[in-house]
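In this text, residue positions in the sequence shown follow numbering that gives the first Met the number 0: the first is 0, and each later residue adds one.
Just so it is clear, CB atoms sit at the ideal spot from N, CA and C, and this is done for glycine as well.
Computed from a prediction, not measured in an experiment: that's the story for all the values here.
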Amino acid sequence: MRIAYCEDEAAQAGLVRSMIEQWADRRQAPVEVALFESAEEFLFKNEEFSYDAVFLDIAMRQMNGVELARAIRKKDKNLPVAFLTADESFAIEGYEVRAVRYLLKPIAAEKLECLLDELLAEREDSARKKLCITIAQNSATKRIVEEDIRYAEVLGHYTRLYMADAQTIRVKESLAAVAERLHRKELFVKCHRSFVVNLAYVEKITRTDCILTDNTVLPVSRSAYRQLNERFIQYYRGLCL
0 MRIAYCEDEA
10 AQAGLVRSMI
20 EQWADRRQAP
30 VEVALFESAE
40 EFLFKNEEFS
50 YDAVFLDIAM
60 RQMNGVELAR
70 AIRKKDKNLP
80 VAFLTADESF
90 AIEGYEVRAV
100 RYLLKPIAAE
110 KLECLLDELL
120 AEREDSARKK
130 LCITIAQNSA
140 TKRIVEEDIR
150 YAEVLGHYTR
160 LYMADAQTIR
170 VKESLAAVAE
180 RLHRKELFVK
190 CHRSFVVNLA
200 YVEKITRTDC
210 ILTDNTVLPV
220 SRSAYRQLNE
230 RFIQYYRGLC
240 L
């Protein structure tokens, strides 16, 4: 499990990391803790948030923890975020950014361990539930996790799958054939005759453009706009319930 911890007090950061590592030893759960001294450092070093959870102090220099959480939510709606803070006054803001926990300093070991147990259980449950499809590639069959497909584009007789890890996979199938084999059809929507997009990676929709969280811009056709916009609203309304 990979955890990012943003804390500007070195002693506090070291203490919490030690508590996490002791928990990991007892659970025999491999864990990696990446420490950041400021919100700015975290954002500078992480274009993508390849963590299983992010722990944030609130009272930090310049950008505070709540502001950082909002920046994270613009790119990732589902990444677990927890506040470890001495300030009780931001509890409502914690709810707004969908924080999984709001722990007050000094951090009690049993409360931190409870949080870590829940995160580990959710991670393991998520891994079991991930839906995959198989594709033929270079005389072999490859398994890919469908939620990692950011979008798909048809080019001639091939469909290109643009993945979350920046990999591009070329499949000798039509776009319609690939889309038909996807399990979570509510997640994938055609935005243009040549493109199908994963709503989990969409940041904004206009009448001409579909803008992804990494600022990739896909075209939106006139005939596709209404359904795309409605499905986008329904998807994120469901996340916010």
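Contacting residues, own chain, Cβ-Cβ under 6 Å from residue i (five flanking each side not counted)
i, result
"A52", "I2, P79 and L118"
"T207", "V219"
"I168", "L160"
"C239", "Because the pLDDT of C239 is 45, which lies under 50, any placement of that residue in the model is unreliable, and the number read from its coordinates should be weighed accordingly. So no residue of the chain qualifies."
"L34", "Y4 and A12"
"N63", "I57"
Proximal residues to residue i (C-beta, below 7 Å), its chain only, five neighbours per side dropped
i, result
"N197", "I148, R149, Y150, L186 and F187"
"R221", "none"
"N228", "I204"
"I232", "none"
"W22", "E112 and L115"
Nearest-angstrom beta carbon gap, residue j and residue i [assumed within contact, 8 Å]
i, j, result
"S193", "V153", "5 Å"
"F82", "L55", "6 Å"
Selection from the options that minimises the alpha carbon distance to residue i
i, options, result
"A9", "I232, A175, Q21 and S37", "S37"
"S17", "E47, N63, E112 and E46", "E112"
"E172", "K184, I134 and A163", "I134"
"M59", "E92, K110 and D7", "D7"
"A108", "E20, P29, T205 and S222", "E20"
"K129", "T205, W22, I210 and H182", "H182"
"A163", "E47, E31 and R26", "E47"
Residue i classed as buried or exposed, judged by whether at least 16 other C-beta atoms fall within 10 angstroms
i, result
"G155", "exposed"
"R180", "exposed"
"G13", "exposed"
"E146", "buried"
"R230", "buried"
"C131", "exposed"
"K189", "buried"
"I71", "buried"
Residues of its chain near residue i, where Cβ-Cβ distance is below 8 Å and the 5 sequence neighbours each way are ignored
i, result
"E121", "P79"
"E31", "M0, R1 and I2"
"V170", "I134, A135, Q136, Y157, T158, R159, L160 and V177"
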